[in-house]
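The listed protein sequences correspond, in order, to chains A and B. Under my numbering, the residue at position 124 of the first sequence is numbered 1378, and the numbers go up by one with no gaps. Under my numbering, the residue at position 46 of the second sequence is numbered 62, and the numbers go up by one with no gaps. Note that the Cβ used here is the ideal one computed from N, Cα and C, for glycine as well. One structure is given here, and the rest of the page talks about it.
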Amino acid sequence: MDVSFQITNDLAELNTLQAHLEDLQSVWLLPPKTVAEINLVLEEIIANIIAHGDCAKQHPITITLEREGQELTMTVADEGPSFDPTICATPDVTLPLQDRKSGGLGLHLVRTFCQCCSYTRKNDMNILTLKRIIPKECR
Amino acid sequence: MEVSISKMRHATIFSLKGRLDSNTAPQFEKQLHDFLRAPSSHLIFDFDNLEYISSAGLRVILNTAKAYTAGPYHFSACAMQEHVQEVFEISGFDSFITIHRTVDESLSALDQA
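Here's what the structure looks like:
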């Protein structure tokens, strides 16, 4: 079963995302930790889209989750300004506290939790595809 | 997210319940404002009931750790669930934030500091 849903560029929509993932958790029998990681990946991407877009102009963000065996493919498509998160620099997470900055941490987490991350701009839309392996179902 | 603030010995304890994400982090930051502007006691974040954290939450925690570096008070965190602990480790936050298993352990560590 694949899932696709649409939200708008509003942080309050993260609650909608959470509700969809909770439904998926019971259908795909995912461990809570895996669901939290998938939620985190999608939140970081959506928050970036909202931060880089025009918040005064409402536009849809379409999220699709497809599962094939143990591989999960997540696609996030939006009509905001062109933005490729895959080329952003990642922070050095080994720096001492005084040198640490919070920027870029979200994408660092996304890259850690996903095995593959690719971006295309097509028909005036940003399309980001993320893949990750999910653990075998726990009963 | 629900935040309850209590005082125990020389420490202020923030107990977080729910989700610290892009939606809830700004409110949490406001609640912390006075504690970070001029720390007047040790600070402990009790994560026992925190189910989820994202980079928006990490940003607030980084600012908290920075506010306490000057001393003389200490900041520590405790009772992390698996997801929260993992996010801390991936972000390297466990290298500069002391993490204990329980509130009691955090309090004992402060007594010995």
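Close to V1330 (chain A), with beta-carbon spacing below 8 Å, lies no residue of chain B; the smallest spacing is near 15 Å. With fewer than 16 other Cβ atoms from the protein chains shown falling within 10 Å of its own Cβ, T1374 (chain A) counts as exposed. Rounded to the nearest whole angstrom, the CA to CA distance from Q1312 (chain A) to T28 (chain B) is 41 Å. In this structure L1294 (chain A) is in contact with S70 (chain B), their Cβ atoms being roughly 5 Å apart against a cut-off of 8 Å.
Pairing H1306 (chain A) with R25 (chain B), the inter-Cα distance amounts to about 45 Å. Rounded to the nearest whole angstrom, the CA to CA distance from A125 (chain B) to H49 (chain B) is 25 Å. At least one C-beta of chain A is nearer than 8 Å to the C-beta of G108 (chain B). Contact between the segment 54-62 of chain B and the segment 77-85 of chain B is present, with at least three C-beta pairs closer than 8 Å. When DSSP reads this structure, G34 (chain B) sits in a beta bridge with B:L66. DSSP, reduced to helix, strand and coil, places A86 (chain B) outside both helices and strands of the structure shown, so it counts as coil. Rounded to the nearest angstrom, the gap between the Cα atoms of F109 (chain B) and D1346 (chain A) is 12 Å.
Identification of chain B residues near P1350 (chain A) by a Cβ-Cβ cut-off of 9 Å yields S111, F112, ordered along the chain.
For A1331 (chain A), same chain residues with a beta-carbon under 6 Å away, outside a window of 5 residues either side, are T1316, M1379, I1381 in chain order.
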